[in-house]
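Chains as they are written, first to last, in our numbering: chain A, 1 to 407; chain B, 1001 to 1300. Cβ coordinates follow ideal geometry from the N, Cα and C atoms, glycine included. What follows is a set of notes on a single structure, which appears directly below.
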Amino acid sequence: MFNIKEIAKSFLVSLWFMFLTFPIMVIRVNTIYKTIEWRWKNLIMIGAGSFLLSFVWRYFIKRKESGVKQAESGKEQKVPLFRRILEERKLFIPATVLTGLFALVFPFIFSSYQINIMTTALMYVILGLGLNIVVGLAGLLDLGYVAFYAVGAYSYALINYHFSLGFWTVLPVGAIMGALFGILLGFPVLRLRGDYLAIVTLGFGEMIRLILENWNEFSFGPSGIAHIPRPGLFGIAMSLENSIIYLYFLMIAITLFTIFVVNRLQDSRIGRAWIALREDEIACQAMGIDKTKTKLTAFALGATWAGMVGVIFAAKTTFVNPASFTFLESAMILSIVVLGGMGSIVGVMIAALILILLPEYLRAFSEYRMILFGAIMVIMMVFRPQGIVANVRRTYEYHGTPSKNAK
Amino acid sequence: MEYFLELLLGGMTRGSIYAMIALGYTMVYGIIELINFAHGEIYMIGAFTALIVASVLTLLGLNQIAILLLASIVAVIYSSAYGITVEKIAYKPLREAPRLSPLISAIGMSIFLQNYVLLAQTSDFLPFPNLIPEFEFLKPYEHIIRTPELVILLTTTVVMILLTVLIKYTKIGKAMRATAQDKNMAMLVGVDVNRVISITFIIGSATAALGGVLIASHIGQINFYIGFIAGIKAFTAAVLGGIGSIPGAVLGSFVLGWTESFATGYVSSDYEDVFAFTLLVLILIFRPAGLLGRSTAQKV
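Set out below in structure tokens:
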């Protein structure tokens, strides 16, 4: 590993990156005072960092390649810890019970600030699971997922503003609005190739945001809508703290519901059609699956969850404006799905908790949040496209009982 | 009439700007069938590099032409370097992977590069010096076309002609077309496919950087986010003209430029980007192969 040749290689890599990052990392021009700041320290850091990282990079590339070889030669692979917890009942039941207990007592141990963060994280869990249907199961890259989230949030805000309907009435309306917009967008573009879909959804996401920002008569423009009521409970008046706890349990309930639905969907006829479509469109059509209809269902169902979470978001923050629905939000949800493992429910949940809670608790780190999301997408795709918790593919193996006719 | 002419020329300048970026998109897509989402970021990095070089040189007291040339050259070199590095890190390991993987990796790279510039430089808009000198003979026509606009138009035309010649008549161009048609077959007849892909990235990035310098000095300010919207628009233009085709990219860019220019001039300027995306969706529905593209049957 550490022979002369490898070291020379890494040295060249670090030289290359020092050259590459020189103008942007080292020089900073102050255009007002016409001064130049030379930050040589950054150059040394880049050099040292890329020297070490190039070893790590090559080590992982090698490991990946040997992993492929092992899989080809049919050797038994190590079963990762997550997978073991999921598969062995002896481990799975206690793990679930422990998580459930923790979720139950959580709001009574921690402050309302922590509960709020946890509620946000749960919202991203649901958004991740929703996008997982579209990207993970059906293999459609949706880069404008946040648009449906915005549709849900504005549905609640506007319906409440004009007709003063409550949270529980609007929750299904928001979900339906999300689905409607999903169909509206999906219908023209789903006939197209996958990569066009990515760019059209990206454009659609931006379009919704721009319309919300500019159509003042409709959406009150960039200043947004304030004083949206929190969710009620049979008209009982609650203190702020209690309503935070209430929202937390509401989120837990909706998360469980989402997990249940997505899990059932995955094993249903339509779910298997999605996975088949993801793997090979042409073979799928040959098997008699209606491509457009199947894709449209995935798109609409994914948008439904986004619409629903949108309503909850509006109720939680009691304020919506277009700035909450930028592309970065879509990118964040996408990196949750990518990190967790496309198609894997447990993976997406863990990834959402990691990606939302980590920057929240490491404040110094939060500046680097977006660059981290970008890096995660690249690194996961290169080294572990199946995510941290790979989805187990349903396989049927033939353990041949020797047939009697063989004699 | 004068207003119409102004919008027409404005749209053409806008179109040339998109064309410089769309060329790179279309070339890369033609060869490896990947939307290089990081392409807009390469353009942004080109503009930033040019700004930094120009500022340093201005403090050293060089004259305007020398600054323009040096800044463009350095920007082109750096953007090309970023282009191949991005290809080596984010796309090359994924060449045999399912289609979704390189697409996600490209999006990740785009976000990464944006935030890299944001963290290393600044999130504010930086004023970009006007590097293009004014031509004396254009003075009387100033209200119709100004020097930077003329320079941008000319550069785009020259770049397009050079690229067409390169692809049609040179050896590397032939290799590129072969790779685009069938990568494995090209490999069998002795084309170094990896080299061809690297060269494509270099050319695409270089044109984007050149575009970056011209546009930035025309508009007068840059920030880390300029690459993102410009990238989407340029992609729209490339799809509009028929992705994979070089004249198509330029034509698509002009159509997009005019659409935006007239729509903002006669309808409303608030919805500039909305018009572009609407055009994209319409084109994809009614003519998915683009204006100059040929529709191809899907291979099994």
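I want to verify the contact list: residues of chain A whose CB lies under 9 Å from the CB of residue i, in sequence order.
i, result
"D1290/B", "Per the sequence shown, residue 1290/B should be read as Gly rather than Asp. Ordered by position in chain A, no residue passes the 9 Å Cβ test against G1290/B, which lies about 11 Å from the chain."
"L1256/B", "Residues of chain A passing the Cβ test: none, with the nearest at roughly 12 Å."
"D1273/B", "G203, E206, M207, L210"
Report yes if the C-beta distance between residue i and residue j is below 8 Å; otherwise report no.
i, j, result
"A352/A", "G178/A", "no"
"T255/A", "L122/A", "yes"
"L1166/B", "G1242/B", "no"
"L1113/B", "V382/A", "no"
"A1276/B", "M1020/B", "no"
"V1074/B", "M1109/B", "no"
"I244/A", "S112/A", "yes"
"T294/A", "I270/A", "yes"
"N1115/B", "M370/A", "yes"
"V389/A", "I336/A", "no"
"I1197/B", "I1031/B", "yes"
"E144/A", "G205/A", "Sequence inspection shows Gly at residue 144/A; the Glu mentioned does not correspond to that position. Yes, the Cβ-Cβ distance between G144/A and G205/A is below 8 Å."
"A1038/B", "S1072/B", "no"
"G343/A", "D142/A", "no"
"I1067/B", "G1211/B", "no"
"S1205/B", "S1079/B", "yes"
"L1240/B", "G1290/B", "yes"
"S14/A", "V146/A", "no"
"A1090/B", "S1105/B", "yes"
"T258/A", "I356/A", "no"
Mapping the DSSP letters down to three states, classify residue i as helix, strand or coil.
i, result
"A1297/B", "Unreliable positioning characterises A1297/B in this predicted model, as indicated by a pLDDT of 49, which lies under 50. The coordinate reading is nonetheless provided below. Of the three classes helix, strand and coil, the one that applies to A1297/B here is coil, per DSSP."
"I7/A", "helix"
"W436/A", "A question about residue 436/A goes unanswered here, because the residues of chain A that appear run from 1 up to 407."
"T96/A", "helix"
"T35/A", "strand"
"Q1221/B", "strand"
"I354/A", "helix"
"I27/A", "strand"
"V200/A", "helix"
"A406/A", "Low local confidence applies: a pLDDT of 47 at A406/A is under 50, so the model's placement there is unreliable, and no value is given."
"I225/A", "strand"
"Q386/A", "coil"
"E367/A", "helix"
"E1002/B", "helix"
"S54/A", "helix"
"D1273/B", "helix"
"R1014/B", "helix"
"M349/A", "helix"
"K64/A", "helix"
"I1243/B", "coil"
"F17/A", "helix"
When the Cα of residue i is compared with those of the options, which residue comes out closest?
i, options, result
"A138/A", "H227/A, I376/A, I275/A", "I275/A"
"P222/A", "K291/A, T317/A, F325/A", "F325/A"
"I36/A", "A48/A, A390/A, G47/A, P23/A", "P23/A"
"P1129/B", "V1056/B, G1257/B, S1268/B, R1146/B", "V1056/B"
"L192/A", "Y1025/B, M1012/B, I1283/B", "I1283/B"
"S1123/B", "L1069/B, A1097/B, F1224/B, S1269/B", "F1224/B"
"G136/A", "I176/A, R278/A, S330/A", "R278/A"
"I1084/B", "L1059/B, N1063/B, N1036/B, G1061/B", "N1036/B"
"E11/A", "S50/A, R363/A, N42/A, K41/A", "The sequence given here has Phe at residue 11/A, not Glu. When only C-alpha atoms are compared, the closest one is S50/A."
Would you mind telling me which residues of chain A sit closer than 7 Å to residue i, beta carbon to beta carbon, in chain order?
i, result
"S1101/B", "M381, P385"
"Y1078/B", "P23"
For residue i, return the contacting residues in chain B, with the cut-off set at a CB-CB distance below 7 Å.
i, result
"A323/A", "Those do not exist, as A323/A stays about 14 Å from chain B at its closest Cβ, beyond 7 Å."
"R28/A", "Q1121"
"V200/A", "L1280, V1281, L1284"
For the ligand MG, any of its heavy atoms closer than 7 Å to the Cβ of residue i?
i, result
"L1153/B", "Among the ligands in the structure shown, none appear at all, so the ligand MG cannot be discussed."
Show which residues of chain B have a CB atom less than 8 Å away from the CB atom of residue i.
i, result
"A375/A", "G1108, F1112"
"A331/A", "I1107, I1111"
"F196/A", "According to the sequence shown, residue 196/A is Tyr rather than Phe. V1239, L1284, P1288, listed in chain order."
Output, in chain order, the set of chain A residues within a Cβ distance shorter than 8 Å of residue i.
i, result
"I1073/B", "Those do not exist, as I1073/B stays about 13 Å from chain A at its closest Cβ, beyond 8 Å."
"A1097/B", "M381, P385"
"V1151/B", "The contacting residues do not exist; V1151/B stays about 23 Å from chain A at best."
"Y1116/B", "I24, I371"
Mind listing the chain B neighbours of residue i? Cutoff is C-beta to C-beta under 9 Å, in chain order.
i, result
"F204/A", "F1277, V1281"
"I36/A", "I1052, S1055, V1056, L1059"
- request: For the region 1113-1169 of chain B, list the beta strand (DSSP E) runs that are entirely contained and at least 3 residues long, ordered along the chain.
  value: Positions of the beta strand (DSSP E) runs, each at least 3 residues long and wholly inside the region 1113-1169 of chain B, cannot be given because no such run exists.
Every unbroken beta strand (DSSP E) within the region 1022-1083 of chain B, with a cutoff of 3 residues, ordered by chain: If we require 3 residues or more, the region 1022-1083 of chain B turns out to have no beta strand (DSSP E) run fully inside it.
message: Quick check for students: name the residue ranges of the beta strand (DSSP E) that lie wholly in the region 1188-1214 of chain B, counting only runs of 3 or more.
response: For the region 1188-1214 of chain B, there is no continuous beta strand (DSSP E) assignment of 3+ residues that stays within its boundaries.
- prompt: Which runs of the beta strand (DSSP E) spanning at least 3 residues fall entirely within the region 266-340 of chain A, listed in chain order?
  reply: With a minimum length of 3 residues, no continuous beta strand (DSSP E) run stays inside the region 266-340 of chain A.
message: I'd like the ranges of any beta strand (DSSP E) spanning at least 3 consecutive residues and lying wholly in the region 101-181 of chain A.
response: For the region 101-181 of chain A, not one full-length beta strand (DSSP E) segment reaches 3 residues or more.
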